[in-house]
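Novice: There's a structure below that I have some questions on.
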Amino acid sequence: MLTVSIAALGPNTADRLEARGLKPDVVLPEVRVDALVDAMGAAGPIEGQRVLVVRPDYVRDALAGELGRHGAAVTDLVAYNTVSAPPE
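Numbering-wise, the working numbering comes out as the position in the sequence shown, counting from 1, plus 30.
Structural data, given as structure tokens:
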């Protein structure tokens, strides 16, 4: 049986997930890689887990790297690109 857990970095991300019917299991108040890795480790072993990191292009891949160092099989997905708004 496949079990999926969802973690949200920041309340805005949690709000957007919930608006689409996805309730995060963990919501961290701020974007901190070490805090998320600690929270995931508290929930169970990271080693051997498959993790999908969905992120914008402007955020570094530090989370994927740190989870990989803890033994997770990580897929790092850049979900969207940010662009400057055209001048008015």
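Don't be surprised by glycine CBs; every beta carbon is placed ideally from N, CA and C.
#1: Does the beta-carbon of Met70 have 16 or more other beta-carbons within 10 angstroms, so that it is buried, or is it exposed?
#2: Could you spell out the range, first to last residue, of the beta strand (DSSP E) harbouring Val104?
#3: From the DSSP output, in three-state form, read off Ala115 for me.
#4: Can you give me the Cβ contacts of Asp64 inside the same chain, cut-off strictly under 8 Å, excluding the 5 residues immediately before and after it?
#5: Secondary structure at Arg46, three-state DSSP: helix, strand or coil?
#6: For Leu58, collect the residues of the same chain with a Cβ closer than 8 Å to its Cβ; drop the 5 residues on either side in sequence, then sort them by chain order.
#7: Going straight from the alpha carbon of Pro75 to that of Val84, what length do you get?
Specialist: Quick look at the numbers:
#1: Within the sequence shown, numbered from 1, the residue matching residue 70 stands at position 40. Met70 is classed as buried because its beta carbon has at least 16 other beta carbons within 10 Å across all chains shown.
#2: Here residue 104 is taken as the residue at index 74 of the sequence shown, counted from 1. Val104 -> beta strand (DSSP E) spans Ala103 to Tyr110.
#3: The count along the sequence shown starts at 1 and reaches residue 115 at position 85. Three-state DSSP puts Ala115 in coil, outside helix and strand.
#4: Against the sequence shown, residue 64 aligns to sequence position 34. Excluding residues within five positions, the ones whose Cβ falls inside 8 Å are Glu96.
#5: Here residue 46 refers to the residue found at position 16 of the sequence shown. Of the three classes helix, strand and coil, the one that applies to Arg46 here is helix, per DSSP.
#6: The residue labelled residue 58 in the question sits at position 28 within the sequence shown. Ala37, Ala38, Leu39, Gly40, Ala65, Leu66 and Ala69, listed in sequence order.
#7: As a working note, residue 75 is residue 45 in the sequence shown. As a working note, residue 84 is residue 54 in the sequence shown. About 20 Å.
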